[in-house]
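Below: the structure, in structure tokens.
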Amino acid sequence: YEEYRGGKEMDDVVSGLADSYIEASLSEKEFRLDMPLEHINEYDRVKDKIICRLVNREANEKLLGDKPFTPVEDLAVTYHIQIKSSEDGIGSIAITEAMMDSYGVDTETLHKQALENMERLSPPVIKPLKEILVEHMLPEFMASSGLSEEEAKKSLETVIPGTDEGAAPEIICISNRSGINGAACIVSPEVRQKVADMAGGDYYVLPSSVHEVLAIPKTEDFNCSVLRDMVTGINSSEVSDEE
1 YEEYRGGKEM DDVVSGLADS YIEASLSEKE FRLDMPLEHI NEYDRVKDKI ICRLVNREAN
61 EKLLGDKPFT PVEDLAVTYH IQIKSSEDGI GSIAITEAMM DSYGVDTETL HKQALENMER
121 LSPPVIKPLK EILVEHMLPE FMASSGLSEE EAKKSLETVI PGTDEGAAPE IICISNRSGI
181 NGAACIVSPE VRQKVADMAG GDYYVLPSSV HEVLAIPKTE DFNCSVLRDM VTGINSSEVS
241 DEE
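In the working numbering, the protein residues as written are 1 to 243.
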């Protein structure tokens, strides 16, 4: 778009896009899909590849128009066929109502299958937010400080607020191993129970993005309206519309 605005001919822009795509494709050791696309309309062939996503229902009203979905509060669980998975990301095809009809199954069946596949295709990851922040910051901190991994980790742990006596309850992050569309993990009853065990009982779920949700143990210190305002404020200013 920027090249076109700068005066480049559209044919040259499109040609450049094609060259970039081919170059990226050839650079992968194995540019293959995990399953042949001709099997996409055969339920027995795709059922073990069905995954789910969790999205905002109101914001995706048009997208959900021809898709089967399961309502969860003001969110919606949608269903997809994973056709490629690599370090660079996940490729998937959304299941439409027409596809579901051709499979001869219902939304409940898709939901159950997606949850069964979750542990294998996108294993949930449930960790204290502090631990995730330390892991994320560690490489750069080690490089800039010259400390060993153990020293750098200890130093970061003292800087990031934790669960010291008198501190706020520990925030728990729920996502999946890839970190892509990991918010859907909270749909699993097993995941919710694990979070409850870690939280020590009831907890609030903060839908921070489509990639993860946060959980905060329920205490008298937290008010639902305050948490709701916090999520709304952060999502409107720090998170892209797509996420």
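Ideal placement from N, C-alpha and C gives every residue a C-beta, glycine not left out.
- Take the alpha-carbon of Glu23 and the one of Leu17: they are about 10 Å apart.
- Going by DSSP, Gly233 is part of the alpha helix (DSSP H) stretching over 224-238.
- Boundaries of the beta strand (DSSP E) harbouring Ala215: 213-217, taken from the DSSP string.
- Shortest Cα-Cα distance from Glu243 to any of Ala114, Met118, Asn56, Asn41 involves Asn56.
- Here DSSP, grouped into helix, strand and coil, assigns Pro139 to helix.
- Counting only runs of at least 3 residues, the segment 59-123 fully encloses the following beta strand (DSSP E) elements, listed from N- to C-terminal order: 69-72, 75-86, 89-94.
- In the DSSP assignment, Leu156 falls outside any beta strand (DSSP E) and lies within the alpha helix (DSSP H) extending over 149-159.
- Tyr203 sits in a strand when the DSSP states are folded into three classes.
- In this structure, Val72 sits near Val187, with a CB-CB distance shorter than 8 Å.
- Each of Asp197, Lys49, Val231 was checked against the Cα of Gln113, and the nearest Cα belongs to Lys49.
- Ser208 is the residue among Ile216, Ser208, Leu121, Glu212 whose C-alpha sits nearest the C-alpha of Gly233.
- Within the same chain, Met142 come within 8 Å of Ser148 by CB-CB distance, once the 5 residues on both sides are set aside.
- At least 8 Å separates the beta-carbon of Cys185 from that of Leu129.
- With contacts defined by Cβ atoms closer than 8 Å, Asn41 and Ser92 do not form a contacting pair.
- Shown here, Pro36 sits in coil according to DSSP, grouped into three states, outside any helix or strand.
- Sorting Ser240, Arg177, Ser236 by C-alpha distance to the C-alpha of Ser85 places Arg177 at the top.
- Counting other Cβ atoms within 10 Å of its Cβ, Thr158 stays below 16 and is therefore classed as exposed.
- Within the same chain, Cβ atoms closer than 7 Å to the Cβ of Ile132 are found at Cys173, the five residues on either side in sequence being excluded.
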